[in-house]
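In the working numbering, the protein residues as written are 25 to 183.
Idealized CB from N, CA, C, for every residue including glycine.
See structure below.
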Ligand SMILES: CC(C)(COP(=O)(O)OP(=O)(O)OC[C@H]1O[C@@H](n2cnc3c(N)ncnc32)[C@H](O)[C@@H]1OP(=O)(O)O)[C@@H](O)C(=O)NCCC(=O)NCCS
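Rendered as structure tokens:
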């Protein structure tokens with residue numbers, strides 16, 4: 025393969041340290057391609073439309089980050105906060121770049137930015153089938169709270 029990288033034995037790509045910075049509205053198509061490649065469930069007709077993502081990026085409650093290698097978006101996380109608690113949403117790393125520390129680097133960067141805002145707790149929601157994600161977050165220091173139930177009220181079923 026071209027460029028400065030190469031493939032590892034299990035077909036992952038290794039190409040230098042990813043560059044982490046803010047996601048932009050015009051990253052939307054690459055973001056959707058990333059979520060699709062990573063098999064991350066998302067809400068294309070609800071809160072993950074192009075318009076919603078663009079609005080959130082402009083708003084005061086978002087810390088949306090991307091990781092790129094050679095200009096290509098290989099990972100992203102949608103951090104949000106309410107001034108009191110930080111949330112990790114839609115963390116995804118392209119399968120060709122997984123298990124190289126990128127997911128951890130995005131979470132650490134998000135945590136640092138929340139901490140700089142005075143936020144003392146960071147949370148994420150993980151669907152029960154996603155055992156990999158559960159393992160990853162536990163390795164990153166997050167703890168489960170089985171005593172807490174998740175309740176929602178939605179504007180419409182796709183929200
Ligand atoms: C979850 C995900 C973002 C992890 O990204 P990643 O870049 O591969 O993770 P990292 O390489 O930074 O690994 C972070 C830690 O998790 C561990 N880890 C990573 N993948 C793992 C796996 N499949 N099983 C067990 N542990 C795993 C790593 O060993 C590392 O722990 P360590 O520091 O103790 O070695 C990635 O697997 C992904 O995109 N999954 C699909 C989308 C998804 O489910 N997102 C989460 C939604 S809540």
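Boundaries around residue 161 are those of the alpha helix (DSSP H), 155 to 163, since no beta strand (DSSP E) includes it. A straight line joining the alpha-carbon of residue 48 with that of residue 41 spans about 20 Å.
Within its own chain, the residues whose Cβ lies closer than 6 Å to the Cβ of residue 43, once the five positions on either side in sequence are excluded, are 92, listed in chain order. At the C-beta level, residue 58 and residue 97 come within 8 Å of one another.
Beyond the five residues adjoining it in sequence on each side, residue 118 comes within less than 7 Å, by CB distance, of 58, 61, 62, 98, 99 in the same chain, given in chain order. Annotated three-state conformation of residue 75 is helix, per DSSP.
Linking residue 94 to residue 69 through their CA atoms gives a straight-line distance of about 31 Å.
Assignment of residue 82 by DSSP, reduced to helix, strand and coil, places it in the helix class. DSSP, reduced to helix, strand and coil, places residue 45 within a strand of the structure shown. Closest in C-alpha terms to residue 88, from the list 108, 46, 105, comes 46. Between residue 51 and residue 109, the beta carbon gap of about 25 Å keeps them out of contact (Cβ cut-off 8 Å). Partner residues in the beta bridge of residue 111, as assigned by DSSP, are 104, 147. In the three-state reduction of the DSSP assignment, residue 137 falls in the helix class.
The three-state secondary structure of residue 176, taken from DSSP, is coil. Going by beta carbons, residue 112 and residue 134 fall inside the 8 Å limit. Excluding five sequence positions before and after residue 161, the CB atoms of its chain that fall closer than 7 Å to its own CB belong to 148, 150, given in chain order.
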